[in-house]
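Residues 0 to 317 in numbering that gives the first Met the number 0 are what the sequence shown spells out, letter by letter. Ideal Cβ placement from N, Cα and C applies to all residues, glycine included. In this text, all values refer to a predicted model and were calculated from it rather than measured experimentally. What follows is a short report on a single structure.
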Amino acid sequence: MNKVEKWFPDVDKIWFNGELVKWEDAQIHVLSHGVAYGSGVFEGLRCYNTIDGPRTFRVKEHIERWRDSAKQLRMTIPFSDEELIDGINQTILENNLDSCYIRPLSFFGYHSLGVHPLDCPVDVVIATWPWENYLGADAKEKGVRCCFSPWIRVHSQMVPSAAKATGLYIGSMLARVDAIDKGFDEALMLDATGNVAEACTENIFVVKDGVIATPGLDSSILPGITRKSIIELARDLGYTVEVRSIARGEVYSANEVFLTGSAAEIKPVREVDSREIGTGKPGPITKHLMDEFSAIVRGENPKYAKWLDPVTSPSKVL
Ligand SMILES: Cc1ncc(COP(=O)(O)O)c(C=O)c1O
Numbered sequence: 000m001n002k003v004e005k006w007f008p009d010v011d012k013i014w015f016n017g018e019l020v021k022w023e024d025a026q027i028h029v030l031s032h033g034v035a036y037g038s039g040v041f042e043g044l045r046c047y048n049t050i051d052g053p054r055t056f057r058v059k060e061h062i063e064r065w066r067d068s069a070k071q072l073r074m075t076i077p078f079s080d081e082e083l084i085d086g087i088n089q090t091i092l093e094n095n096l097d098s099c100y101i102r103p104l105s106f107f108g109y110h111s112l113g114v115h116p117l118d119c120p121v122d123v124v125i126a127t128w129p130w131e132n133y134l135g136a137d138a139k140e141k142g143v144r145c146c147f148s149p150w151i152r153v154h155s156q157m158v159p160s161a162a163k164a165t166g167l168y169i170g171s172m173l174a175r176v177d178a179i180d181k182g183f184d185e186a187l188m189l190d191a192t193g194n195v196a197e198a199c200t201e202n203i204f205v206v207k208d209g210v211i212a213t214p215g216l217d218s219s220i221l222p223g224i225t226r227k228s229i230i231e232l233a234r235d236l237g238y239t240v241e242v243r244s245i246a247r248g249e250v251y252s253a254n255e256v257f258l259t260g261s262a263a264e265i266k267p268v269r270e271v272d273s274r275e276i277g278t279g280k281p282g283p284i285t286k287h288l289m290d291e292f293s294a295i296v297r298g299e300n301p302k303y304a305k306w307l308d309p310v311t312s313p314s315k316v317l
């Protein structure tokens, strides 16, 4: 097996098929089905260091989406929800992290390399690591610069586009590489009908005349859990949020545009295809939602305590 360099010296363990193993020992066979065909499904969520200690954000919804994604690939994740949540918590605790990114992943493993995967075992992994400054160190304050990608978001008749499946990320990868090559921070993707879908790894919102809008599932988006949270939060704050098709031109002429995702959280967009968005600075509604969201993930808003779960583990007695 290859010598594996750890990403962070202090992050030592990965949960692999029910056991915590050393980071460098979490290895698989090169002929695993998921390696050849991208036949995996995964999640991405965060643990926040709140005023009450470490809390995972909407972990049950992430497990539910993980299972929904798996079902669409005819995959059964061979652990109960309790075992998976316990695995997440153990991995955070064992690595002594209080705020981090969490990457649950399951894929068809090593058995045979016919495209039909159902005889392959399902391997399950949970990794955690610190992941700050997604989309750039000053993205929160200054906003990100985006371009529309020449690659479109996969249509739901090609593959189940609402599944967070590893193979689907070839599209995100190509779009992101192209955007970075052209000097932008992130790419936006249209759907197969030419309407706006989402960014490579975030959902998109546009604001015009005080009204917030975001594309729906009919634009082949990933049903983002941050997106769902922001829709609920914005409505609770009294904003109108429309879930509807968005034309490309609406992005250019929006007063504000922002992206949402578990890794990115909320990131203002300051420019798209060399057109300044609004004043070219994060707009007031974006800033309002960012401030409210930050308070929620610090555990300072009891109304949304339901979104935060304590990181405790019966498998690891502290
Ligand atoms: C393609 C894509 N869209 C949207 C999102 C945002 O989803 P969430 O808010 O659940 O992280 C992600 C990130 O998971 C993504 O990869």
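Cβ-Cβ distance between residue i and residue j below 7 Å
i, j, result
"V195", "V153", "no"
"V10", "E23", "no"
"A164", "V268", "no"
"S252", "S160", "no"
"A138", "K266", "yes"
"S261", "Q89", "no"
"V240", "R247", "no"
"A162", "Q26", "no"
"E93", "K12", "yes"
"I84", "I101", "no"
"D308", "V58", "yes"
"I284", "V206", "yes"
"P281", "G142", "yes"
"I211", "Y238", "yes"
"I76", "S31", "no"
"V176", "N16", "no"
"V242", "G209", "no"
"G298", "D51", "yes"
"A174", "S155", "no"
Residues of its chain near residue i, where Cβ-Cβ distance is below 7 Å and the 5 sequence neighbours each way are ignored
i, result
"R226", "N202, T213, T259"
"F183", "R144, C145, C146"
"I151", "M188, L189, D190, A191"
"D97", "N48, P53"
"S171", "C199, T200"
"F7", "W128, P129"
"R73", "L117"
"F257", "F204, I265, K266, P267, V268, T285"
Residue i Cβ short of 6 Å to ligand 2 heavy atom set
i, result
"G248", "What this structure holds is ligand 1, not ligand 2."
Own chain, CB closer than 6 Å to residue i, minus 5 neighbours either side, in chain order
i, result
"L317", "Confidence is the limiting factor: at L317 the pLDDT is only 49, short of 50, which leaves the residue's position unreliable, though a coordinate-based value still follows. Cβ neighbours of L317 beyond the five flanking positions: none."
"P129", "C99"
"G277", "N254, E255"
"N95", "none"
"R274", "Y251"
"A263", "Y133, L134, E201"
"I230", "V240"
"C119", "H32, F107, G108, H110"
"D387", "Beyond the ends of the chain as shown, which are 0 and 317, falls residue 387; an answer cannot be given."
"M157", "none"
Under the three-state DSSP convention, the category residue i falls into
i, result
"S105", "strand"
"A25", "coil"
"A16", "Looking at the sequence shown, residue 16 is not Ala but Asn. Looking at N16 - three-state DSSP - the assignment turns out to be coil, as it is neither helix nor strand."
"I211", "strand"
"G237", "coil"
"L317", "Unreliable positioning characterises L317 in this predicted model, as indicated by a pLDDT of 49, which lies under 50. A coordinate reading is not provided."
"A126", "strand"
"A164", "strand"
"T49", "strand"
"K139", "helix"
"L96", "coil"
"N132", "coil"
"I151", "coil"
"V205", "strand"
"V250", "helix"
"L189", "strand"
"T225", "helix"
"G182", "coil"
Contact belief for residue i with residue j at Cβ below 8 Å, rounded distance in angstroms
i, j, result
"R64", "I179", "Not really, about 27 Å apart at Cβ, beyond 8 Å."
"V296", "F78", "That belief does not hold up - the Cβ atoms of V296 and F78 are roughly 27 Å apart, past 8 Å."
"W14", "I125", "4 Å"
"S38", "P116", "5 Å"
"G108", "G33", "7 Å"
"E42", "H28", "Not really, about 23 Å apart at Cβ, beyond 8 Å."
"S343", "W306", "In the structure displayed, the chain extends from 0 to 317; residue 343 sits before or after that span and is not available."
Cβ neighbours of residue i in the same chain (closer than 8 Å, five flanking residues each side left out)
i, result
"L232", "L288, E291, F292, I295, Y303"
"A35", "L112"
"N300", "E291, A294"
Any chain C beta carbon closer than 7 Å to residue i
i, result
"R243", "Of the chains in the structure shown, none is chain C; there is only one protein chain."
Return the chain-ordered ranges of every alpha helix (DSSP H) run that is complete within the region 271-312 and spans a minimum of 4 residues. With a minimum length of 4 residues, the continuous alpha helix (DSSP H) runs that stay inside the region 271-312 are 283-296.
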